[in-house]
Every structure is written in structure tokens, then in C-alpha cells.
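Everything on this sheet refers to the single structure shown next.
What follows is the structure, given as C-alpha cells:
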């Protein structure tokens, strides 16, 4: 085997069942001398864009996968082509949108079988994978039936996954699964179910598992193991010394799947559909000039010259970058709000744009406030613009539903946002995991700053808490007793910035990547490409 790649790896985008960021998962193998990495998050592809970007930056060959939860256990599906990635998108969208439990979706095996094109299938980790769990629950015939159904569809692309999590009886269980694979003529493959980068992270993982279930430690389904980390190639060779074919099959799978999915480098903007027969660019120009006349009336010649010059400059840049539809859709949403008497305001860097001002998306007048368009957008900027619109929290759904009604035939979806933990939120998560009562959690988290940071220096561990505890609001706080709350302080400091859960924002139009499709019976895709969006946020916070 030429090098080793872990094929069953979760990131923080598994929301409670993984810790590391996609970037950390790409950097760690390079430091360990491993060739690359797979990303196998639970029931989602949320982390894929960041994972691919990080791999591209260091020249690694990533493997894109997903862990699919079924009623009987999980399967691992790896994309061996871009069509395989599309199959994953369609599959995950289908069962997530139809699942009764949105937090814990379950995929029928038949749905997996319908979306097999371009995918390699692993039967799941021991003991919680679909086939291993049936087998270890003494449902041998059911396990044989599931394996047979998978083999028929994934012919030549099916492997029985072998893992050893170091718990009592794990070697015996792995031998039983390996023997079952031999009896049925299905090849085996060696993996380690990875949930964190290093052994020291296992306590943090346990805290996040408990947080996901809103319980104290040890949490539901507690696994007494600290082996769910990125083991070295040498250690994997030792663990699977009796299964050399399982190690060889890792290389075979990597040859098929590594680098099969790449970032296109293109930004896919939602499409606007002007009713007048104009192109998006023509309609945007018309609306902007109408807005300019409304905003400025009959200005002095010098002011007129400046306004005209600035608008021409901005419109040229917007049209060059292909963002005219984006502004039109934002303008449409604002128009709906105003027709219904719903308070709406724009914020953020979009206020630097004269186009946004003339469209009524923002309120500050750019010239009098010395706002520069280039701080918002310019031809050399790689990332797309971000127009944040805050709607009244009580009535924002009215805007959302009207946009859904208008665009449902062309495609409309919920786009994902990612919520990470502030210091205060981390204290609440760690305190709950350590068994504190709701009253104690409120007391421990009250007045805690949202983060500890000094300019470009980010503090960690107890050194960071020294800075936070020195804040005037923290005088007399229970956490000043650092001896009593030492574990809570350490855990919460390490939780800061970790992914907690997903949220949603509105995305409309034909293009763009989404988190959860709500199209009429048509599948979408299941990750947010961070292309910039206008958020349907309430009046007190962003989407």
C-alpha cells in the first residue's frame, strides 16, 4: 500500500458528532505524513466546500463522502465521480426533506439503492454500521439480505468496513464481521471511525455529543473509548496486521475516489426573471436610474456629475461580475416588505454602494458619509458581495412565503448558516455537560464576555480566562473560583469557535447551493457554498 488515507472522518459539520474544522482535517494528515483525507459527515455535505478549498490550497487529493443514517445503522458513501457527488446531493436531500425527525433523519435502504450511480459503498463502522449492527444483534439473515441488496446495486463498489474502537470485545466483533464478509464474498476495508484529530480531544467530543442531546455527561449511547482520532499509518498497520487485504483495499478505493470532486471556481448566482422582457442587466440599470431620480431629484450640475459617474462605475462592475440578478432579487424582497408595511433595513458593507442606496436596499447616502464602493465590491475581489437585509422578526416570514410563492416553479430553498460557540455559549454547553442545573448554568454564564480577544491575539485555555475574568462585569463572578471550576473553564475555552448547529437564511432563484431544498417534489443540494446571500434576519441579529 502506498500511503494510507482515513476514509471515515467526521468534522464539526456533523453537529455534535465531530469536532475539527474541515481545514484542521486537511492539515493534520499532512503533518502526520498521510497522503490525504476523506470527509464523511453525518447526513450532510455542509463542510465540503471548505474541505475542498483547504485541500486545493495544499495540493492534496480529497475524498468526498457522507455517512448516511438508516433505521438499522449507518452506511458510508464515497463519490468516485462528479456524478457520484450529484447522487449524494439528491439522496441526502430526498431523505432529509421527507424525514419526520429533522434533527435525526433516517434514510430508507431503498432510497440509497435508487441513488447509487457514481458511488462506492462501505457497510458502516463496527458496531454501529448497518450490516455490522444487524450481524451483532444476531439478525444474521437480515444482515445477509441487506448485504445482498447492496451488492446487487453497488456491484464491484461494495466493501465491508472493519473498525476497532478499542472498547471491550472490539477485536472479537471485528473478527465476526470479517468472517461474515468472507462467507459472502465481499471485500473488506480498514477504517477508523474518526470524530476528532488527537486523543486529547476525546473529552471535548463527549461534551459535544451530550450538548447535541441536551443532556449531561456521559450522554446517550455513551462509548467508553478515546480511539476515535486520526491514527497514524503505522498504528493502523498494527491494528489491521491480520487483515492485509483490508489495508490494500484502502488504496484501491482512494485510486477511484481521490480528487474526483473539485471546486469549479465559479460562483452560481440565483437567476432573476424580469417580467418586462428585459435582461437582468437592463432591468437593474432602469431601476437604479429611477431610484437615483427619486433619491436626488434635480441636483446641482457638479453633484449630478458625481452621481452619474459613480453609478456608471458601480453598474459596470456589477455587470462585469454577473451580480445583476442578485441585486434584483434583494430589491424584490425589499419591495414585498414595503408593500406589506413590514419594517426592513439594510446593513453592512452594502451601504458603501450607490446602487444599493438607489435601489432602496440601504439608507446611508454614500457621498455625504464618504463611503467607498470598493470596500463592498470591486473587479479584483474574489468573494461575492453580501447584502444583509433585516426584516421585522414578527413578520419576516410573510416576505419569505411570498418569495417562495413567486419562485417555487423555478426553485427556492433554505440556505444554511453555521452557528459557532461564543465564550458565553461555550460556558453553557460545558456546564450542562458537567451536570449543572439550569439555574446554575444561568448563574455561571451571566456576564461572561462573548469572546476573549486582544487585537490579533486569540487566547486559549486558562490564559484566555485570565483576560476574561479581569473584565469589570466579571467581578465577584462564580467563575473567579478557578480551582473549583477548573474543568469547566478549560472545556469552555476549547469549545470557543467550535461548530454548534446549523441555522437557515433565505435563498431564491435558479442557481446557488442550498442547505435544505423545499422545491415541489424536486431534489436540491445540501450545502451552502458561501457565495453571499441576503438574509431574512430579524431586526436584532443577522441570519
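Residue numbers (our numbering): -8 to 534.
Every residue, glycine too, gets a C-beta built ideally from N, C-alpha and C.
**Q.** With 16 other Cβ atoms within 10 Å as the buried cut-off, status of residue 49
**A.** exposed
Q) Given a threshold of 16 other Cβ atoms within 10 Å of its Cβ, counted over all protein chains shown, does residue 0 qualify as buried or as exposed? A) buried
Q. Which residue comes first and which comes last in the beta strand (DSSP E) that contains residue 337?
A. For residue 337, the uninterrupted beta strand (DSSP E) run begins and ends at 335 to 338, by DSSP.
Q: Taking residue 210 as the reference, give the member of 220, 195 and 70 with the closest Cα.
A: 195
Q: Could you name the residues of the same chain whose beta carbon sits closer than 7 Å to that of residue 240, not counting the 5 residues immediately before and after it, in chain order?
A: Same-chain partners within the cutoff: 150, 178, 179 and 180.
**Q.** Contiguous alpha helix (DSSP H) assignments of at least 4 residues, all confined to the stretch 385 to 434
**A.** As far as the stretch 385 to 434 is concerned, its whole alpha helix (DSSP H) runs of at least 4 residues are 387 to 398 and 414 to 424.
Q) How many Å lie between residue -2 and residue 202 at the Cα? A) 26 Å
Q: Count the other C-beta atoms from every protein chain shown that fall within 10 angstroms of the C-beta of residue 370, then say buried if there are 16 or more, exposed otherwise.
A: That one is exposed.
(Q) For a quick check, are the C-beta atoms of residue 390 and residue 327 less than 8 Å apart? (A) yes
Q. Is the stretch 371 to 380 touching the stretch 415 to 425 in the sense that three or more CB pairs, one from each, lie closer than 8 Å?
A. no
Q: Quick one: grab the DSSP three-state call for residue 512.
A: Low local confidence applies: a pLDDT of 34 at residue 512 is under 50, so the model's placement there is unreliable, and no value is given.
(Q) Using 8 Å for Cβ pairs, my map puts residue 73 next to residue 36. What's the rounded Cβ distance? (A) The beta carbons of residue 73 and residue 36 sit about 13 Å from each other, so the pair does not count as a contact at 8 Å.
Q) Would you call the stretch 330 to 342 and the stretch 288 to 307 in contact, with 3 or more CB pairs under 8 Å? A) In this structure the stretch 330 to 342 does not lie against the stretch 288 to 307, because fewer than three pairs of beta carbons, one per stretch, are closer than 8 Å.
Q.
At the level of alpha carbons, what is the spacing between residue 457 and residue 366?
A. 36 Å
Q: Please look up how many angstroms separate the CB atoms of residue 120 and residue 64, rounded, as I've assumed it's under 8 Å.
A: At roughly 5 Å, the Cβ-Cβ gap stays under 8 Å, so residue 120 and residue 64 are in contact.
Q: Please say whether residue 153 and residue 110 have beta carbons closer to each other than 8 Å?
A: no
Q | residue 282, enclosing alpha helix (DSSP H) - first and last residue | A | 271 to 287
Q. What's the call for residue 311, buried or exposed, on a 16-neighbour Cβ count within 10 Å?
A. Residue 311 should be labelled exposed.
(Q) Classify residue 358: buried if its beta carbon has 16 or more other beta carbons within 10 angstroms, exposed otherwise. (A) The C-beta of residue 358 has fewer than 16 other C-beta atoms within 10 Å across all chains shown, which makes the residue exposed.
Q. Rounded to a whole number of angstroms, what is the C-alpha to C-alpha distance between residue 58 and residue 255?
A. Near 24 Å, if we compare the C-alpha coordinates of residue 255 and residue 58.
Q: Measure the C-alpha to C-alpha separation of residue 430 and residue 54 and round it to an integer number of angstroms.
A: 45 Å
Q: Report the rounded CA-to-CA distance for residue 155 versus residue 419, giving the unit in angstroms.
A: 33 Å
**Q.** residue 360 burial status per 10 Å Cβ neighbour count (16 or more: buried)
**A.** exposed
Q) Measuring CA to CA, which of 5, 11, 12 and 31 is closest to residue -4? A) 31
Q: Kindly indicate which three-state DSSP category residue 65 falls into: helix, strand or coil?
A: strand
Q. Mind checking whether residue 45 and residue 96 have CB atoms under 8 Å apart?
A. no
Q) Is DSSP giving residue 487 helix, strand or coil here? A) coil
Q: Could you tell me if residue 182 is buried or exposed, where buried requires 16 or more neighbouring beta carbons within 10 angstroms of its beta carbon?
A: Answer is buried; the Cβ neighbour count reaches 16.
Q) Under three-state DSSP, which class holds residue 36? A) coil
Q. Whose C-alpha, out of 477, 146 and 407, is nearest the C-alpha of residue 6?
A. 407
Q | Sequence-distant residues of the same chain with beta carbon closer than 7 Å to residue 106, five excluded per side | A | 78, 81 and 82
Q) With which residues is residue 494 paired in a DSSP beta bridge? A) 408
Q: Identify, in the order they occur along the chain, each residue of the same chain with its Cβ nearer than 7 Å to the Cβ of residue 142, setting aside the five sequence neighbours on each side.
A: 149 and 177
Q: Tell me whether residue 118 is buried or exposed, calling it buried when 16 or more other Cβ atoms sit within 10 Å of its Cβ.
A: Looking at its Cβ environment, which holds 16 or more other Cβ atoms inside 10 Å, residue 118 is buried.
Q) What three-state label does DSSP hand residue 447 in the structure shown? A) For residue 447, the predicted structure reports a pLDDT of 46, less than 50, and the residue's modelled location is therefore unreliable. The matter cannot be settled from this model.
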